[in-house]
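To start, the structure under review is shown below, and the notes come after it.
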Amino acid sequence: SGTSNYEDRYKAVVVCIMIWLSYKLSLNSHDEIKTLNEFYSKHIENDTQYTEHRTIDSIYDSYKEMIDEIKDYMDINISHMSKFYELLKPLCNMITAYTKKNNDSVFLQHANQFVNKYEELFNDDNNNDNNPHNKVLSVFSKYYNNFGSNTLFSNTPKNLPPLPTEKTGKKGEAVDSKATEITVSSSGTDKSNHVKENPSSNITLPGSSL
1 SGTSNYEDRY KAVVVCIMIW LSYKLSLNSH DEIKTLNEFY SKHIENDTQY TEHRTIDSIY
61 DSYKEMIDEI KDYMDINISH MSKFYELLKP LCNMITAYTK KNNDSVFLQH ANQFVNKYEE
121 LFNDDNNNDN NPHNKVLSVF SKYYNNFGSN TLFSNTPKNL PPLPTEKTGK KGEAVDSKAT
181 EITVSSSGTD KSNHVKENPS SNITLPGSSL
């Protein structure tokens, strides 16, 4: 439904903000804070800046209520969560490059960087069925695939390199995956890709940026 897509858009943006926060926290030592949930308990849960303020046109009554929607994404070590920042950067750069004319080579360069980093995190031992790592990857794969089929700046879908669909070992052989697979549309083709996703999520790319 439209409301569900609206909620999911907000959730996806909050996930990206939490990734940025993890990256910033990882730059300094915080012995008392190991996970985002610990940061939430100490700095968000009872802070009136989060409990009494809301965004314009938001369906949520407060920032805290919005953040609560992704609490199950935050039970992850900050140092590990910050790795997703290296996935966020090429995605943002890719979208920025696409909005500029005659920038196809730069756009493709960032897209390939995104796919390579995604594959690394996809094959990570921490990526298991419906766990926080898997849920964060789900947000990124849907951003990427939805951007590929979005025609806001063009009449045709983007020709993006595909994301990996199953884990591979060090020598390239496929390995068993514990992650749930669902079918999502591949960008620019009639084919479908099986991507590890949280079956309950349905995130739509909000325009052309994060």
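For the sequence shown, full-length UniProt numbering begins at 1 and goes up steadily by one.
Ideal Cβ positions, reconstructed from N, Cα and C, are used throughout, including at glycine.
Please read these numbers as outputs of a predicted model, since none were measured by experiment.
- One thing to note: I56 has its Cβ no nearer than 7 Å to the Cβ of P132.
- By the Cβ rule, the stretch 77-96 counts as touching the stretch 107-123, because three or more pairs are nearer than 8 Å.
- Under the three-state reduction of DSSP, N46 is assigned to coil, being neither helix nor strand.
- Per the C-alpha coordinates, the member of K167, N146, S138, G148 positioned closest to V15 is S138.
- Considering only L25, D68, S22, Y23, the residue with the shortest C-alpha distance to D8 is D68.
- Three or more pairs of CB atoms, one per stretch, sit closer than 8 Å, so the stretch 24-36 contacts the stretch 76-86.
- About 11 Å separates the beta carbon of L121 from that of K167, a gap too long to meet the 8 Å contact definition.
- Under the 10 Å beta carbon count, N159 is surrounded by fewer than 16 other beta carbons and is classified as exposed.
- Cβ contact annotation for N123 (same chain, cutoff 7 Å, sequence separation greater than five): K167, T168, in chain order.
- In the structure shown, T96 adopts helical secondary structure according to DSSP, grouped into three states.
- It is roughly 24 Å from the alpha-carbon of L25 to the alpha-carbon of H53.
- Per DSSP, the continuous alpha helix (DSSP H) segment holding L137 begins and ends at 132-149.
- Here DSSP, grouped into helix, strand and coil, assigns N127 to coil.
- Setting aside the 5 residues that flank it on each side, K89 has no residue in the same chain whose C-beta is closer than 6 Å to its C-beta.
- The beta carbon of T51 is closer than 7 Å to those of S62, K64 in its chain, skipping five residues each way along the sequence.
- F122: member of the alpha helix (DSSP H) spanning 104-122, first to last residue.
- DSSP places N28 in the coil class of the three-state scheme, outside both helix and strand.
- According to the DSSP secondary-structure assignment, N77 is paired through a beta bridge with T35.
- L163 places its beta carbon 7 Å or farther from that of S149.
- For E65, the enclosing alpha helix (DSSP H) has its first and last residue at 63-68.
- A Cβ-Cβ contact shorter than 7 Å links K117 with E86.
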